[in-house]
Amino acid sequence: MHELNYEAPTSLDQAISVLAAAGENGRMLAGGTDLIIQMRAGVRQPGQVIDAKKIPELQALSFDAQTGLQLGAARACCDIIADATVQQHYPGLAEAAALIGSDQILARASVGGNVCNGSPAADTTPALIALGAVCQIAGPNGTREVAVEDFVTAPGQTVLAPNELLVAFQIPAPQGSADCYQRFIPRNEMDIAVVGVGSCVALDGDTCTAARIGLGAVAARPLLAKEAGDSLVGKTLDDAAIDAAAQLAQQAASPISDMRGTAEFRTHLVGVLTRRTLKEAAARAR
Ligand SMILES: Cc1cc2nc3c(=O)[nH]c(=O)nc-3n(C[C@H](O)[C@H](O)[C@H](O)COP(=O)(O)OP(=O)(O)OC[C@H]3O[C@@H](n4cnc5c(N)ncnc54)[C@H](O)[C@@H]3O)c2cc1C
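Just so it is clear: in the sequence shown, position 169 is 168 by numbering that gives the first Met the number 0, and no numbers are missing.
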């Protein structure tokens with residue numbers, strides 16, 4: 000059995016110092032619903048684990064009508080889905096977070112952990128991409144910001160250096176906009192997305208002024224289907240415009256075939272879920 004040090008810093012500065020001292024050997028721990036399973040399986044064997052749950056900045060959950068939602072990376076999903084502001088302004092994020100495991104998992108799991116784990120099929124990542132969320136990162140050399148769509152680089156890999164941690168997500172305030180997240184799984188719950196799609200649309204009257212579509216489980220990392228979203232700007236969101244955007248989203252996807260579904264089935268699902276989430280987001284925005 001390998002030796003393991005555990006620290007639970009109560010400030011961001013302390014956490015950065017411990018992480019920097021540990022180097023490649025350090026690993027942040029939020030809910031542990033991915034990390035502890037990976038440690039038990041021997042997939043990851045950190046010598047230093049740094050608990051994120053006692054750092055105030057990583058527990059933020061506050062909304063400002065100008066700047067939007069500040070969501071701490073370690074805040075438990077159960078708090079996020081119960082939050083009236085999130086339900087009102089970011090229903091798609093609430094939908095995505097609510098899908099993570101069971102009540103027991105939701106009580107521990109964080110959105111930050113979901114994104115940092117780097118799974119192409121993580122449910123909250125496409126929802127955050129649709130919302131235009133930005134990752135706030137801190138390390139010994141200061142802070143930096145990275146768009147969520149640029150954060151995961153490959154399965155299990157992110158832009159984080161070993162001495163950096165994810166502090167929070169800054170999610171823009173809705174401007175006549177609303178979001179929606181849906182996924183397909185072959186059973187009712189507790190499964191990994193075969194495909195997940197998050198959409199966010201802004202409307203001025205009947206005209207779409209902005210649209211973003213995030214795709215999960217259809218490439219080596221979660222994707223922003225930029226051309227698909229951009230194609231809707233300046234248009235009325237009728238069936239023709241939505242069908243055209245869904246086709247562009249299908250073209251952005253490059254899925255594999257595996258035990259969960261064939262590439263052809265996944266491409267079909269991207270079309271179905273893009274149409275459904277765009278229609279629902281538009282209805283909510285109205
Ligand atoms: C039964 C079960 C069902 C599940 N169902 C789903 C599902 O339906 N959909 C889904 O998407 N996921 C699902 N998961 C996966 C998991 O629960 C999520 O990915 C969860 O959101 C991870 O968050 P966490 O806080 O537990 O992260 P942890 O396990 O603590 O950490 C995950 C990874 O992120 C890193 N990390 C965490 N926080 C930070 C930070 N602040 N800075 C830098 N790195 C950090 C850790 O070092 C680790 O590598 C399920 C898991 C289980 C066990």
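Each residue gets a CB set at the ideal place from its N, CA and C atoms; glycine is no exception.
Where does ASP242 sit, in a helix, a strand or coil, going by DSSP?
Numbered from its first residue, the sequence shown carries residue 242 at position 243. Of the three classes helix, strand and coil, the one that applies to ASP242 here is helix, per DSSP.
What's the C-alpha gap between GLU279 and LEU247?
Translated into the one-based positions of the sequence shown, residue 279 becomes position 280. Translated into the one-based positions of the sequence shown, residue 247 becomes position 248. Their backbone Cα atoms lie some 19 Å apart in a straight line.
Beta-carbon gap between SER176 and ALA284 smaller than 7 Å
Here residue 176 corresponds to residue number 177 of the sequence shown, with the count starting at 1. Here residue 284 corresponds to residue number 285 of the sequence shown, with the count starting at 1. Yes; because the gap between Cβ atoms is below 7 Å, this pair is in contact.
Any non-hydrogen atom of ligand 1 closer than 6 Å to ILE115 Cβ
Translated into positions along the sequence shown, residue 115 becomes position 116. Ile is not the amino acid found at residue 115; the sequence shown has Cys there. Under cutoff, so the answer is yes.
By the three-class DSSP mapping on this structure, what secondary structure does GLN58 have?
The residue given as residue 58 occupies position 59 in the sequence shown. GLN58: helix per DSSP, three-state reduction.
Exposed or buried, ASN116, counting other C-beta atoms within 10 Å across all chains shown (16 or more means buried)?
Start at 1 with the first residue of the sequence shown, and residue 116 comes out as number 117. Buried, by the Cβ-count rule.
If you follow the alpha helix (DSSP H) that GLY213 is part of, which residue opens it and which one closes it?
Your numbering for residue 213 matches position 214 in the sequence shown. Element bounds for GLY213: not the alpha helix (DSSP H) but the beta strand (DSSP E), 206-215.
Check ALA177 in the structure and name its three-state DSSP category.
On the sequence shown, position 178 is the one that residue 177 refers to. ALA177 falls in the strand class under three-state DSSP.
According to the neighbour-count rule (16 or more other Cβ atoms, all chains shown, within 10 Å of its Cβ), is VAL232 buried or exposed?
Mapped onto the sequence shown, residue 232 falls at position 233. Label assigned to VAL232: exposed.
Would you call the CB atoms of PRO221 and PRO154 closer than 7 Å?
The residue labelled residue 221 in the question sits at position 222 within the sequence shown. The residue labelled residue 154 in the question sits at position 155 within the sequence shown. No, Cβ-Cβ distance for PRO221 and PRO154 is not below 7 Å.
May I ask you to report which of helix, strand or coil DSSP gives THR157?
Position 158 of the sequence shown, counted from the first residue, corresponds to residue 157. Strand, per DSSP.
Which residues bound the alpha helix (DSSP H) around ALA51?
The residue labelled residue 51 in the question sits at position 52 within the sequence shown. Per DSSP, ALA51 belongs to no alpha helix (DSSP H) and is neither H nor E.
Keeping to the same chain, check which residues put their C-beta closer than 8 Å to that of GLY100; ignore five residues upstream and five downstream.
Start at 1 with the first residue of the sequence shown, and residue 100 comes out as number 101. The residues are THR32, ALA108 and MET189.
With GLN65 as the anchor, note down where its beta strand (DSSP E) starts and where it stops.
Working through the sequence shown from its first residue, we reach residue 65 at position 66. Note, GLN65: premise wrong, no beta strand (DSSP E); not H, not E.
Indicate, with yes or no, if ligand 1 has a heavy atom lying under 6 Å from the CB of THR32.
One-based indexing of the sequence shown puts residue 32 at position 33. Yes; taking the cut-off as 6 Å, the Cβ of THR32 has a heavy atom of ligand 1 nearer than that.
Going by C-alpha to C-alpha distance, which of LEU70, LYS52 and GLN65 sits closest to ALA59?
The residue labelled residue 59 in the question sits at position 60 within the sequence shown. The candidate whose alpha carbon is nearest that of ALA59 is LEU70.
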